[in-house]
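Participant: When we follow this note's numbering, the leftmost residue of the sequence shown carries the number 3, and every step to the right adds one.
No residue lacks a Cβ here, since even glycine has one placed at the ideal position from N, Cα and C.
In this text, all values refer to a predicted model and were calculated from it rather than measured experimentally.
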Amino acid sequence: IPLSRTMAGGRFSKVGERWVINPLLEQQQQSRADLVVSATEEAIVMVEAGASEMPEKEILQGLEYAHQELKKIIQLIKTLPKKEKIKCSPLVVPEEIASVLKENYSQTISEIVRTPEKSARENKLSALKKEASAMVQTKFPDNPQVSFLTNHWIEEELYTRARQLILKEKVRTDGRKFTEIRPIDIKIDVLPRTHGTAMFKRGQTQALVTVTLGTPHDMQIMDVLEGEYKERFMFHYNFPGFATGEVRAERGPGRREIGHGALAKRALYPLLPDEMTFPYTIRIVSDILESNGSSSMASVCGGSLALFAAGVPLKSAVAGVAMGLVSDGQEYAILTDIMGMEDHLGDMDFKVAGTEKGITALQMDIKISGLPAGIMAQALEEARVARLKILQQMNAALPKPNSDISVYAPRLLSLKISRDKIGDLIGPGGKNIRRIIEETGAEIDVEDDGTVTISSVNKESMELARQMVEYYTADVEVGKVYRGKVTRLTSFGAFVEILPGKEGLVRTSQLTSKRINRVDEVVKEGQDLMVKVIEIDSQGRVNLSHRAVGESPAE
Numbered sequence: 003i004p005l006s007r008t009m010a011g012g013r014f015s016k017v018g019e020r021w022v023i024n025p026l027l028e029q030q031q032q033s034r035a036d037l038v039v040s041a042t043e044e045a046i047v048m049v050e051a052g053a054s055e056m057p058e059k060e061i062l063q064g065l066e067y068a069h070q071e072l073k074k075i076i077q078l079i080k081t082l083p084k085k086e087k088i089k090c091s092p093l094v095v096p097e098e099i100a101s102v103l104k105e106n107y108s109q110t111i112s113e114i115v116r117t118p119e120k121s122a123r124e125n126k127l128s129a130l131k132k133e134a135s136a137m138v139q140t141k142f143p144d145n146p147q148v149s150f151l152t153n154h155w156i157e158e159e160l161y162t163r164a165r166q167l168i169l170k171e172k173v174r175t176d177g178r179k180f181t182e183i184r185p186i187d188i189k190i191d192v193l194p195r196t197h198g199t200a201m202f203k204r205g206q207t208q209a210l211v212t213v214t215l216g217t218p219h220d221m222q223i224m225d226v227l228e229g230e231y232k233e234r235f236m237f238h239y240n241f242p243g244f245a246t247g248e249v250r251a252e253r254g255p256g257r258r259e260i261g262h263g264a265l266a267k268r269a270l271y272p273l274l275p276d277e278m279t280f281p282y283t284i285r286i287v288s289d290i291l292e293s294n295g296s297s298s299m300a301s302v303c304g305g306s307l308a309l310f311a312a313g314v315p316l317k318s319a320v321a322g323v324a325m326g327l328v329s330d331g332q333e334y335a336i337l338t339d340i341m342g343m344e345d346h347l348g349d350m351d352f353k354v355a356g357t358e359k360g361i362t363a364l365q366m367d368i369k370i371s372g373l374p375a376g377i378m379a380q381a382l383e384e385a386r387v388a389r390l391k392i393l394q395q396m397n398a399a400l401p402k403p404n405s406d407i408s409v410y411a412p413r414l415l416s417l418k419i420s421r422d423k424i425g426d427l428i429g430p431g432g433k434n435i436r437r438i439i440e441e442t443g444a445e446i447d448v449e450d451d452g453t454v455t456i457s458s459v460n461k462e463s464m465e466l467a468r469q470m471v472e473y474y475t476a477d478v479e480v481g482k483v484y485r486g487k488v489t490r491l492t493s494f495g496a497f498v499e500i501l502p503g504k505e506g507l508v509r510t511s512q513l514t515s516k517r518i519n520r521v522d523e524v525v526k527e528g529q530d531l532m533v534k535v536i537e538i539d540s541q542g543r544v545n546l547s548h549r550a551v552g553e554s555p556a557e
């Protein structure tokens, strides 16, 4: 296969203060950044990265380290035996057809390139292709490929004119400056019944993002080669045909949906609260209603706002922007917030997401032989400036997470109990936990590490469930008063159950201050009795007193 250059790729992590190539799984878990980089000897050609608010300077250091390491691998690849390359010839439009097209449609293409509105531009281009194909077919009726060659010439001419407009005239198709962001419009809670919603619109790209909060039961079970695990944070990205004015069948998720959803998830993940602080399962769905470039970064911005609207205590707002590049080898122009045409006809799609402090996700692919370090540094800096401007507008719309979750969201509470208390909470055959669920209507999840999660539709049932969990898992405390139940009588006193499975003895002298002959003169088996714990002896036996809390058997 005739590759123009030898390439190599690798994974890189920052462990402590040093970068590591091909890190171990343990090192990846400790790392503040995870980079997947491809490069030639001359420059980097692809980057996929996630980080914990890492400054641009550190990211650049990691990319430089990656490039130096990949050069070593490339040298090894070059020592391998090679077969003769397949010879390929580029498609060339015959001169007689090209001259006719140039004479008749060159000016029209220049006008199309300068049309700022996407649908108007596409309509003009579609009409041009139909007209040009019909005209050329009448002039060259014997050429069966004339329609294909005509469309190819138009696309090549469009490519050339659009790039000349940027490099020579310093003008973008929609009239923006190179560092200018398209107009942004933000609406919060546009859907009243959801747990959190945000509409984020940038130019002609619009994302409707919703957040749904669930219980631990709603975690997604992931079945991978290493085994099963549960995922508490999901990001689903939908790109229907109507977003680009098309009509098509909506089937399962494709490459675009999976890739863009994964990128947006990576951008938001480092800012999520930990599971003990916020034990909810979180699902974000981004529906792209209109698209003219950078819909994944619109999903990041909308996702951050929707999480705020849902009351998720995100550590910071997250924004994303797509950067582009046009280069002819001599001159270059870096473009901020590229639209679809600039992505299609340009040389780079460089998506950068992060907070005010630093980067959380990167994705770069280029169509030229490589990206020099200086241009990459400039692109990251201009992306940082643009990101701060976008965050400023997002913070103006919703500066911080809502103080409470939606009234329609389930209420969750997490408790931590000792692992040896799990059996007490569950009870024989699940008796205790079933009782809690039946009496409160709440759901109870118990993890192996002792984490208990209570979920309910209202605060009252959640609070009652919490009290019952604490009751079943409580330890007996000296000096504390309990309402217990008399379980059996003996000649020397009464045994009283004060907590599930925990009994204590009330000796005859501690039942009443009066002299009695028989214990059943004061209490009966099965009755309630208020008692106070007066001692737990060295063998763990609990001694109780009814006299210490009063003479009435049940209070």
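Ordered along the chain, which non-local residues of its own chain (more than five positions away) have a Cβ less than 6 Å from that of I286?
Facilitator: V213, F237 and G305
Participant: What's the call for Q208, buried or exposed, on a 16-neighbour Cβ count within 10 Å?
Facilitator: buried
Participant: What are the start and end residues of each continuous alpha helix (DSSP H) run of 4 or more residues lying completely inside the stretch 421-498, in chain order?
Facilitator: 424-428, 433-442 and 461-475
Participant: On the three-state DSSP scale, how would you describe H2?
Facilitator: Past the edges of the chain, shown from 3 to 557, lies residue 2, and the structure says nothing about it.
Participant: Whose C-beta lies closer than 8 Å to the C-beta of D522 among residues of the same chain, with five residues either side of it excluded?
Facilitator: L491
Participant: Measure the Cβ-Cβ separation of A324 and M299 and say whether it is below 7 Å.
Facilitator: yes
Participant: On the DSSP bridge assignment, give the partners of A324 in chain order.
Facilitator: K353
Participant: Report the three-state DSSP secondary structure of M56 (helix, strand or coil).
Facilitator: strand
Participant: Where do the ends of the beta strand (DSSP E) carrying V387 lie?
Facilitator: Careful: V387 lies outside any beta strand (DSSP E), inside the alpha helix (DSSP H) at A375 to A399.
Participant: Determine the contact status of V387 and I419, defining contact as a CB-CB distance below 7 Å.
Facilitator: Contact check for V387 against I419 fails: the beta carbons are separated by 7 Å or more.
Participant: How big is the Cα-Cα spacing for T357 and L82?
Facilitator: 44 Å
Participant: Using three-state DSSP, classify D367 as helix, strand or coil.
Facilitator: Here D367 sits in strand by DSSP.
Participant: Which residues in the same chain as V544 place their Cβ atom closer than 8 Å to its Cβ, once the five residues preceding and following it in sequence are excluded?
Facilitator: V478, I500, K504, E505, G506, L507, V535, E537 and I538
Participant: Could you have a look at L513 and say whether DSSP puts it in helix, strand or coil?
Facilitator: helix
Participant: Can you tell me where the beta strand (DSSP E) with K267 in it begins and where it stops?
Facilitator: For K267, there is no enclosing beta strand (DSSP E); the residue is part of the alpha helix (DSSP H) that begins and ends at R257 to L270.
Participant: Applying the 10 Å Cβ sphere with the 16-neighbour rule, what's the burial state of Y410?
Facilitator: exposed
Participant: Taking Cβ to Cβ, would you say S559 is nearer than 7 Å to Y239?
Facilitator: Outside the shown range of the chain (3 to 557) lies residue 559, about which nothing can therefore be said.
Participant: Considering Cα atoms alone, identify which of T217, S297 and T338 is closest to M278.
Facilitator: T217
Participant: Could you tell me the alpha carbon to alpha carbon distance between E248 and G254, rounded to whole angstroms?
Facilitator: 17 Å
Participant: For V533, list the residues DSSP reports as bridge partners.
Facilitator: DSSP, once it has assigned bridges, lists Y484 as partnering V533.
Participant: Report the three-state DSSP secondary structure of Y161 (helix, strand or coil).
Facilitator: In the structure shown, Y161 sits in a helix (DSSP, three-state: H, G or I).
Participant: Looking at the strands, I want to know which residues DSSP matches up with G69.
Facilitator: The sequence given here has His at residue 69, not Gly. Partner(s): none; H69 has no beta bridge.
Participant: Report the option in R20, L270, K73 and G243 whose CA atom is closest to the CA atom of E259.
Facilitator: G243
Participant: Name the residue from I183, Q109 and P146 whose alpha carbon lies nearest to the alpha carbon of A164.
Facilitator: Closest by alpha carbon: Q109.
Participant: Give the straight-line distance between the Cα atoms of P502 and D426, rounded to the nearest whole angstrom.
Facilitator: 7 Å
Participant: L414 bridges to which residues according to DSSP?
Facilitator: S457
Participant: Check whether the stretch 364-377 touches the stretch 176-196, taking contact to mean three or more Cβ pairs, one atom from each stretch, closer than 8 Å.
Facilitator: Touching, no, given that fewer than three Cβ pairs across the two stretches are closer than 8 Å.
Participant: Alpha carbon to alpha carbon, how far is L210 from R174? Give it in angstroms, no decimals.
Facilitator: 27 Å
Participant: Excluding sequence positions up to five away, which residues of its chain have a Cβ less than 8 Å from the Cβ of G452?
Facilitator: K418, I419, S420, R421, K423 and I424
Participant: Go through its chain and collect everything with a Cβ distance to E557's Cβ below 7 Å, but skip five positions before and after it.
Facilitator: Interpretation of E557 is limited by its pLDDT of 42, a score under 50 that renders its predicted location unreliable; the figure taken from the coordinates is listed afterwards. The answer, listed in chain order, is M532.
Participant: For the pair the stretch 32-43 and the stretch 4-19, tell me if three or more CB-CB distances fall below 8 Å.
Facilitator: Judged by Cβ distances under 8 Å, the stretch 32-43 makes contact with the stretch 4-19, as three or more pairs qualify.
Participant: Between F497, Y484, G486 and G552, which lies nearest to K516 when the distance is taken from Cα to Cα?
Facilitator: G552
Participant: May I have the straight-line CA-CA distance separating E228 from I111, to the nearest angstrom?
Facilitator: C-alpha of E228 to C-alpha of I111: approximately 54 Å in a straight line.
Participant: Hey, could you find the ends of the beta strand (DSSP E) M201 is sitting in?
Facilitator: Residues G198 to R204.
Participant: On the DSSP bridge assignment, give the partners of Q30 in chain order.
Facilitator: DSSP, once it has assigned bridges, lists no residue as partnering Q30.
Participant: Is the Cβ-Cβ distance between E295 and M341 less than 7 Å?
Facilitator: The sequence shown places Gly at residue 295, not Glu. Yes, the Cβ-Cβ distance between G295 and M341 is below 7 Å.
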